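Just so you know, we're using our numbering here: the sequence shown kicks off at 237 and counts up by one.
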Amino acid sequence: MLASSLLTVAAATLATALPAGVTPAAAPGQFDITNFIFGCTAGCFWYLDIAVHPAVANHPSVPSSVHCQGNLDDNKSFKECDHVTNESKLYAFIGKDDNLLQLKYEVTNSSTSTVYNYYGEKEVYAATSAYADLQTPNFNVTEISGTKSKSS
C-alpha cells in the first residue's frame, strides 16, 4: 500500500512539474552511443554517434548512428545532432559543471500533431581528467523519461 501511495504522489508531482500542455509519456528505449570522445586541452570538446532502439509506437528506431559534437564552453543546452529524418531529431549536451551527458530524442507524429520527447543521461569522463580510465567509446544510455505535447 505504501509503495502504491508513493508512486501516486511521484506521478502527481511529475505531472504538476511539466509546463501546461505537456504530459508524461512512456520512455521505451535506449540510446546506443559509439565513438565517444570527450577531452579538454585548449577547450573542452565532445564527439559521439547515437542510434536509438527499439521501434515502438511514436518511437521509431534510429538504426544508423547519427553524429553529434559540441563544446562545453559554447553549448549551454541541447545541441542538435546531424539530420535524422524530417519527423525525428536527436540532441546531446554535456554539462560543464557535472559532466552529465544529456540526450534527447524528439519525434513528431504529423498525423496527430503530437511531439514526443525522450530523455536519457549518464555521467561521462574526460580523457584529460584524473578519471580518464573511466571513459569508454561505446555504451548505452536508458531513456529515463518522456513527454508529449501538441506541436505548434
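Ideal Cβ placement from N, Cα and C applies to all residues, glycine included. Note that the structure is a prediction, hence the values are computed from the model and not measured.
| Simplified DSSP assignment, three categories, for Asp268 | For the purposes of this step, residue 268 is taken as residue 32 along the sequence shown, with counting starting at 1. It is a strand residue.
| message | Using 8 Å for Cβ pairs, my map puts His295 next to Gly265. What's the rounded Cβ distance? | response | Here residue 295 corresponds to residue number 59 of the sequence shown, with the count starting at 1. Here residue 265 corresponds to residue number 29 of the sequence shown, with the count starting at 1. Their Cβ separation, rounded to whole angstroms, is 6 Å, which keeps His295 and Gly265 in contact under 8 Å.
| request: May I have the straight-line CA-CA distance separating Phe281 from Gly331, to the nearest angstrom? | output: Residue mapping note: residue 281 aligns to position 45 of the sequence shown, counting from 1. Residue mapping note: residue 331 aligns to position 95 of the sequence shown, counting from 1. Straight-line measurement puts the Cα of Gly331 at about 12 Å from the Cα of Phe281.
| field | Member of Phe274, Ala362, Thr383 whose CA lies at the smallest distance from the CA of Tyr355 | value | Locating residue 355 in the sequence shown gives position 119, counting from the first residue. The shortest C-alpha to C-alpha distance from Tyr355 to any of Phe274, Ala362, Thr383 is the one to Thr383.
| task | Give the secondary structure of Asp369 by DSSP, where H, G and I count as helix, E and B as strand, and everything else as coil. | result | By one-based count along the sequence shown, residue 369 stands at place 133. Residue state for Asp369 is assigned as helix, using DSSP reduced to three classes.
| Opposing strand residues paired with Cys317 [DSSP bridges] | One-based indexing of the sequence shown puts residue 317 at position 81. Under DSSP, Cys317 shares a beta bridge with no residue.
| request: Please confirm whether Asn353 and Glu342 have their CB atoms less than 8 Å apart. | output: For the purposes of this step, residue 353 is taken as the residue at position 117 of the sequence shown. For the purposes of this step, residue 342 is taken as the residue at position 106 of the sequence shown. In this structure, the beta-carbon distance from Asn353 to Glu342 falls below 8 Å.
| request: Take the Cβ of Tyr367 as the centre, count every other Cβ of all protein chains shown within 10 Å, and call the residue buried at 16 or more, exposed below. | output: Numbered from its first residue, the sequence shown carries residue 367 at position 131. By the 10 Å Cβ count, Tyr367 comes out exposed.
| said: Counting C-beta neighbours from all protein chains within 10 Å, is the total for Glu357 16 or more, i.e. buried, or is it exposed? | reply: Against the sequence shown, residue 357 aligns to sequence position 121. Glu357 should be labelled buried.
| How is Ala253 classed by DSSP in three states: helix, strand or coil? | What you label residue 253 is simply residue 17 of the sequence shown in a count that begins at 1. Reduced to three states, the DSSP call for Ala253 is helix.
| CB of Val292 within 8 Å of CB of Ser324, strictly | Counted from its first residue, the sequence shown places residue 292 at position 56. Counted from its first residue, the sequence shown places residue 324 at position 88. Cβ distance not < 8 Å, so Val292 and Ser324 don't count as in contact.
| message | Check for me: the beta strand (DSSP E) holding Tyr327 runs from which residue to which? | response | Along the sequence shown, read from residue 1 onward, the residue named residue 327 stands at position 91. Counting along the chain, the beta strand (DSSP E) containing Tyr327 begins and ends at 324 to 330.
| query | Is the Cβ of Ala278 closer than 8 Å to any Cβ of chain D? | reply | Here chain D cannot be found, since the structure has a single protein chain.
| said: In whole angstroms, give me the CA-to-CA distance for Phe272 and Val258. | reply: Against the sequence shown, residue 272 aligns to sequence position 36. Against the sequence shown, residue 258 aligns to sequence position 22. Cα-Cα distance, rounded: 32 Å.
| query | Under a three-way DSSP split, which group does Pro299 fall into? | reply | Residue numbering aside, residue 299 sits at position 63 when the sequence shown is read from its first letter. Of the three classes helix, strand and coil, the one that applies to Pro299 here is strand, per DSSP.
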